[in-house]
Amino acid sequence: MSATATATTISLDPLDFLNVRSLLSDEERLVQETVRNYVRDRVTPFIGAAYEAGEPLAHLPLELGELNLLGMHLEGYGCAGASAVAYGIACMELEAGDSGVRSFCSVQGSLAMYAIWAFGSEEQKQRWLPEMAAGRAIGCFGLTEPDAGSNPAGMRTHARRDGDDWILNGSKMWITNGSVAEIAVVWARTDEGVRGFLVPAGTPGFAAPVMHGKLSLRASITSELTFDDVRLPADAVLPGVSSLRGPLSCLNEARYGIVWGAAGAARACYEAALDYSINRKQFDKPIAGFQLTQKKLSEMAVAVNTSTLLALHLGRLKDQGILRTEHVSIGKMHNVRAALEVARSARSVLGANGITLEYPVMRHANNLESVFTYEGTDEMHTLIVGQAVTGLSAFA
Ligand code: TGC
Ligand code: FAD
């Protein structure tokens with residue numbers, strides 16, 4: 171085939187310039203279409219108002235449950251047992267709607283459900299996972315504390331045995347879904363190491379007040395968790411782990427979803443900028459016709475496509491069982507940085523309109539500031555990669 175024939179027979183989709191879609195299986199494409207359509211119908215029309223009000227979309231949990239997106243990469247207990255790539259694609263499409271929507275899905279499936287699935291007893295799995303997969307029970311994941319963020323080894327929340335029971339004291343901060351969760355997975359220091367506890371809402375001594383004043387992830391609930399002599403039965407503890415390996419294993423799962431999600435947020439910003447620039451005229455022609463705008467759009471196209479390819483590569487490694495935590499760190503670093511740059515550049519293309527909720531760009535830009543920080547800050551992932559390439563730890 172001649173070079174000319176090749177060039178004319180392959181169509182160019184500005185939003186999927188490298189035709190990454192051709193690398194997906196039929197099943198993966200179906201997941202993409204299903205979630206993209208869901209976001210178009212059930213997220214996009216409502217998210218601006220929810221963001222402004224500082225409230226989550228109330229219809230989300232049950233509808234994501236009906237779509238089998240909650241804990242979708244887990245096997246059994248009502249979970250879909252999908253591949254890592256299919257799960258990643260779902261995260262990408264959800265975050266193209268709003269990072270808070272993907273956050274809900276990540277915290278439910280990759281943090282709270284995964285903790286129970288990987289480290290829980292058979293009774294704990296039977297009790298919680300089917301309800302959580304259906305979206306009838308919401309979970310949260312309490313690791314961060316006021317004085318222990320990047321360094322969870324510094325946590326003060328602790329539990330001690332009292333006969334067969336446990337007594338839990340301390341506090342957590344910045345906990346997604348905390349105030350609306352039926353079940354909190356709480357990590358605490360014990361004489362036996364760091365252990366995970368299942369704390370149902372309404373347990374005496376446990377409170378989960380909403381944190382106010384956020385300018386980012388406004389359509390997502392963020393809460394404090396406080397524990398004042400909370401008495402828990404022996405079977406509240408997750409039996410499968412007694413070290414930081416427990417929570418850090420859960421983080422691997424959620425960070426992987428963010429690698430894909432950030433690519434979705436970037437794509438949504440690029441799409442908004444491209445559309446706007448073609449329709450907006452200044453100096454009697456579309457601003458898309460100016461070289462400086464084309465430079466911005468070309469750079470966005472490169473960032474969106476390289477991020478998506480990177481996410482897909484990591485997903486294939488995960489499905490082969492050879493993905494390392496350091497790979498995920500490279501993915502989170504690259505894709506969240508790239509998405510932030512795309513969002514800022516897209517904002518400038520939209521001019522004054524770029525600062526409004528009528529367009530998704532500023533909302534994504536603000537959300538991505540949280541994504542840059544949570545699930546391991548950009549600096550933590552830089553140091554994880556730095557340690558991997560030098561063999562020297564620079565954490566402390
Ligand atoms: P270190 O001493 O190296 O290890 C302690 C134990 O953990 C094991 N381990 C891991 N296991 C699984 N996956 C990993 N990625 C692991 N990294 C370490 C390790 O083998 C050891 O196990 P054992 O059994 O021998 O004791 O750990 P360190 O204290 O030096 O930690 C290093 C560091 C900085 C990488 C870690 O603390 C870290 O990742 N910090 C960042 C904290 C973070 O990401 N927090 C996120 C909170 S959750 C959240 O943000 C949710 S946002 C929700 C949303 O999407 O809305
Ligand atoms: P700090 O750890 O105090 O860091 C402050 C700055 O110092 C950062 O730039 C950091 O990178 C830098 N720094 C720290 N140590 C070093 C070092 N050794 N070298 C170089 N730089 C360093 N947590 C949960 O447990 N569950 C949740 O559901 C959850 N949801 C969240 C939702 C939102 C919207 C947000 C914003 C956060 C959420 N978090 C959650 C908390 C999040 O994981 C932490 O904010 C994050 O781990 C960073 O901790 P920190 O905010 O205490 O910052």
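The sequence shown begins at 171 in my numbering and counts up one residue at a time. Glycine is no exception: its CB is placed at the ideal position from the N, C-alpha and C atoms.
Check, Outcome
"Beta-carbon proximity list for Ala173, same chain, < 7 Å, skipping 5 on both sides", "The predicted position of Ala173 is uncertain, since its pLDDT is 48 and thus under 50; no value can be drawn from it."
"Pick from Arg517, Gly375, Ser413, Val506 that is closest to Cys439, judged by C-alpha positions", "Arg517"
"Thr526 burial status per 10 Å Cβ neighbour count (16 or more: buried)", "exposed"
"Close-in-space but distant-in-sequence residues of the same chain around Cys420 (CB under 6 Å, 5 per side omitted)", "Leu281, Tyr284, Ala285"
"Rounded separation between Ser320 and Val506 - CA only", "17 Å"
"From Thr314, Cys310, Met325, Pro374, residue whose alpha carbon lies closest to that of Asn347", "Cys310"
"Continuous alpha helix (DSSP H) stretch holding Lys465: start and end", "461 to 489"
"Meets three-Cβ-pair contact criterion under 8 Å: the region 288 to 295 and the region 523 to 537", "no"
"Ranges of the alpha helix (DSSP H) found wholly within the region 340 to 396, counting only runs of at least 4", "none"
"CA-to-CA distance, Ser499 to Val555, given in whole angstroms", "7 Å"
"Three-state class that DSSP yields for Asp405 in the structure shown", "helix"
"Simplified DSSP assignment, three categories, for Ala282", "helix"
"Distance between Arg425 and Met242 (C-alpha atoms, nearest Å)", "15 Å"
"Val474 vs Ala436 beta-carbon contact at 8 Å", "yes"
"Any non-hydrogen atom of the ligand FAD closer than 7 Å to Trp336 Cβ", "no"
"Contacting residues, own chain, Cβ-Cβ under 7 Å from Ala323 (five flanking each side not counted)", "Leu414"
"Candidates Thr396, Glu423, Phe367, Ala378: closest to Gly410 by CA position", "Phe367"
"Distance between Asp332 and Glu197 (C-alpha atoms, nearest Å)", "51 Å"
"Close-in-space but distant-in-sequence residues of the same chain around Leu264 (CB under 6 Å, 5 per side omitted)", "Val271, Arg272, Cys275"
"Near the ligand TGC: Glu545 beta-carbon under 7 Å from a heavy atom", "yes"
"Heavy atom of the ligand TGC within 7 Å of Pro322 beta-carbon", "yes"
"Distance cut-off 7 Å: Val559 Cβ against heavy atoms of the ligand TGC", "no"
"Nonlocal neighbours in the same chain, by C-beta distance under 8 Å from Met325, ignoring five residues either side", "Leu313, Glu315, Ala318, Gly340, Trp357, Ala358, Arg359, Val364"
"Coil, strand or helix - Met171 by DSSP", "Residue placement at Met171 is poorly supported in this model, since its pLDDT is 43, which falls under 50; the coordinates still yield a value, given next. Coil."
"Ranges of the beta strand (DSSP E) found wholly within the region 400 to 460, counting only runs of at least 3", "none"
"For Ile337, three-class secondary structure by DSSP", "strand"
"Where Gln461 falls, given that 16 or more other Cβ within 10 Å makes a residue buried", "exposed"
"Same chain, Cβ closer than 6 Å to Val205, neighbours up to 5 away in sequence not counted", "Ala260, Glu263"
"Check: Ser291 C-beta below 7 Å from any heavy atom of the ligand TGC", "no"
"Beta strand (DSSP E) segment containing Arg330, residue limits", "328 to 332"
"Other residues of its chain near Val190: CB distance less than 8 Å, five sequence neighbours each side excluded", "Asn475, Thr478, Leu479, Leu482"
"Val350 to Glu394 span [Cα, whole Å]", "12 Å"
"Classification of Ile492 by the beta-carbon crowding that lies within 10 angstroms, buried from 16 upward", "exposed"
"Residue-level contact to chain C via CB, Thr463, 8 Å cutoff", "The structure shown contains no chain C; it is built from a single protein chain."
"C-alpha distance - Lys342 paired with Thr547, whole-angstrom precision", "18 Å"
"Environment of Ile573 [buried if 16+ CB atoms lie within 10 Å]", "Only positions 171 to 566 of the chain appear in this structure, which leaves residue 573 out of reach."
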